[in-house]
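Novice: In this note's numbering, the protein residues as written are 208 to 337.
Where a beta carbon is used, it is the ideal one built from N, C-alpha and C, also for glycine.
Right, I'll just put the structure down here and ask away after.
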């Protein structure tokens, strides 16, 4: 397996290069940075070759450009996450129905579900750093 992709590898194909501002990666939402990190971590662990992921991302972007609904805004990291799902489902690491089921379960959770005040026996906001 090749080494982890560096910034040059991430930018090697213009159509799949991540969004940047002043040379820094840009994530509009926390899930975007998590999706980015998941792909890099899974690649680093040897689960797939970077060109395999890059080809899936390019295919996702092209499909969106050719067939997106009228008025739908492009989301780079939605395509990124879809490409990761394609790669993982394509080699049998996960199955598409498992991805869909888990996504539905996560979407059904209420806002703030993963950070309850009573988990630690106290509320937050008192400056202890978590």
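1) Going along the chain, which residues of its own chain have a beta-carbon closer than 8 Å to the beta-carbon of residue 299, five neighbours each way excluded?
2) Going along the chain, which residues of its own chain have a beta-carbon closer than 7 Å to the beta-carbon of residue 292, five neighbours each way excluded?
3) Measuring straight from C-alpha to C-alpha, what distance separates residue 281 and residue 253?
4) From residue 239 to residue 313, what distance separates their C-alpha atoms?
5) Going by C-alpha distance, which of 284, 273, 317 is nearest residue 243?
6) Do you know offhand how far residue 268's Cα is from residue 317's?
7) DSSP state of residue 231, grouped into three classes?
8) How many Å lie between residue 294 and residue 270 at the Cα?
Specialist: Reading from the atomic positions:
1) Its chain contains no residue whose beta carbon lies nearer than 8 Å to that of residue 299 once the 5 sequence neighbours on both sides are disregarded.
2) 306
3) 30 Å
4) When rounded, the distance between both Cα atoms is 15 Å.
5) Residue 243 has its Cα closest to that of 284, out of 284, 273, 317.
6) Linking residue 268 to residue 317 through their CA atoms gives a straight-line distance of about 30 Å.
7) Strand at residue 231.
8) 16 Å
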